[in-house]
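Position one of the sequence shown corresponds to residue 83 (my numbering), numbered consecutively onward.
Note that CB positions come from ideal geometry on N, CA and C, so glycine has one too.
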Amino acid sequence: MLFQLNEDDFWFPDPSLAEEDGLLAIGGDLRTERLLSAYATGIFPWYDDDTPILWYAPRKRFVLFPRELKISKSMRKEIKANRYQVTYNTCFDRVISLCASTPRKGQQGTWITREMQAAYIKLHEKGFAISTEVWRENQLAGGLYGVICGKREHIFCGESMFSLAPNASKIALINLCESDRFELIDCQIESEHLASMGAKTISAESYYQILQS
83 MLFQLNEDDF
93 WFPDPSLAEE
103 DGLLAIGGDL
113 RTERLLSAYA
123 TGIFPWYDDD
133 TPILWYAPRK
143 RFVLFPRELK
153 ISKSMRKEIK
163 ANRYQVTYNT
173 CFDRVISLCA
183 STPRKGQQGT
193 WITREMQAAY
203 IKLHEKGFAI
213 STEVWRENQL
223 AGGLYGVICG
233 KREHIFCGES
243 MFSLAPNASK
253 IALINLCESD
263 RFELIDCQIE
273 SEHLASMGAK
283 TISAESYYQI
293 LQS
């Protein structure tokens, strides 16, 4: 069932009413209050310049529990080499911009529109979104950004990541997992490389229970 959002309030329908592909609602805007209301109930926006704002609540969630993180021997060797430095929240604007502009294999364009970038920068300024940056020789080599949610701020909803050097985005994710700040990382979109690092699919019901715990 697809719902049309009312622009005058921040109400969202029950996520269990989403269609088979996870699409739940259409319309509204990206005001901070609406985004926070969405993430608090397991909903996130995903659309492009050619469509209205679309809101999704997947029936299965692709997540990574930091305690189940798998680090390959080659990555352990890379980390031990200490060629990269990791920081947090030093250049959120640049991270989201590079996530939008960095080419991806098999993908044309980006869903991280200018409207999306502006909205998530506002979330960051209010403390609800963070970035992880990976540097090599004082140059930004990779990173990721996402939204903090959950009643205990114990879930990180990963929005996007980028790499301009080998393994840079993986190092960002590994560092985030090892920070012990989050109990669960919502990866949103399933991928082989995240699965190789320990990410797995859980039911929406299980996800909502963790979100609301």
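Can you tell me whether DSSP reads residue i as helix, strand or coil?
i: Lys208; result: coil
i: Asp268; result: strand
i: Leu180; result: helix
i: Cys259; result: helix
i: Lys152; result: coil
i: Arg186; result: strand
i: Arg113; result: coil
i: Ile284; result: strand
i: Pro97; result: helix
i: Ile203; result: helix
i: Tyr121; result: helix
i: Ile108; result: strand
i: Tyr138; result: strand
i: Leu293; result: helix
i: Phe92; result: coil
Taking only the alpha-carbon atoms, compute the straight-line gap between residue i and residue j and give it to the nearest angstrom.
i: Ile253; j: Lys159; result: 12 Å
i: Ile230; j: Ile267; result: 10 Å
i: Met157; j: Thr184; result: 22 Å
i: Phe85; j: Arg165; result: 49 Å
i: Glu150; j: Ala139; result: 24 Å
i: Leu136; j: Ala120; result: 12 Å
i: Met83; j: Leu106; result: 7 Å
i: Asp132; j: Gly225; result: 27 Å
i: Ile161; j: Ile125; result: 34 Å
i: Glu89; j: Leu118; result: 15 Å
i: Gly232; j: Ser295; result: 8 Å
Using a Cβ cut-off of 8 Å (strictly closer), state whether residue i contacts chain B.
i: Asn88; result: Annotation note: the requested chain B is absent from the structure, which comprises a single protein chain.
Report back the beta-carbon spacing between residue i and residue j to the nearest angstrom; my notes put them in contact at under 8 Å.
i: Ile153; j: Ile292; result: Wrong, their Cβ atoms sit about 23 Å apart, outside the cutoff.
i: Gln270; j: Phe144; result: 7 Å
i: Gln199; j: Ser179; result: 7 Å
i: Thr123; j: Phe92; result: Between Phe92 and Thr123 the Cβ distance is about 11 Å, and since that is not below 8 Å, they are no contact.
Name the DSSP bridge partner or partners of residue i?
i: Arg234; result: DSSP, once it has assigned bridges, lists no residue as partnering Arg234.
i: Gln167; result: Trp217
i: Ser242; result: Tyr227
i: Leu41; result: Because the chain in this structure spans residues 83 to 295, residue 41 falls outside the shown range and cannot be described.
If the criterion is Cβ atoms closer than 8 Å, does the pair residue i and residue j meet it?
i: Gly109; j: Leu87; result: yes
i: Glu215; j: Val168; result: yes
i: Ala201; j: Leu99; result: no
i: Tyr129; j: Cys181; result: no
i: Phe238; j: Phe264; result: yes
i: Arg141; j: Ala286; result: yes
i: Leu222; j: Arg176; result: yes
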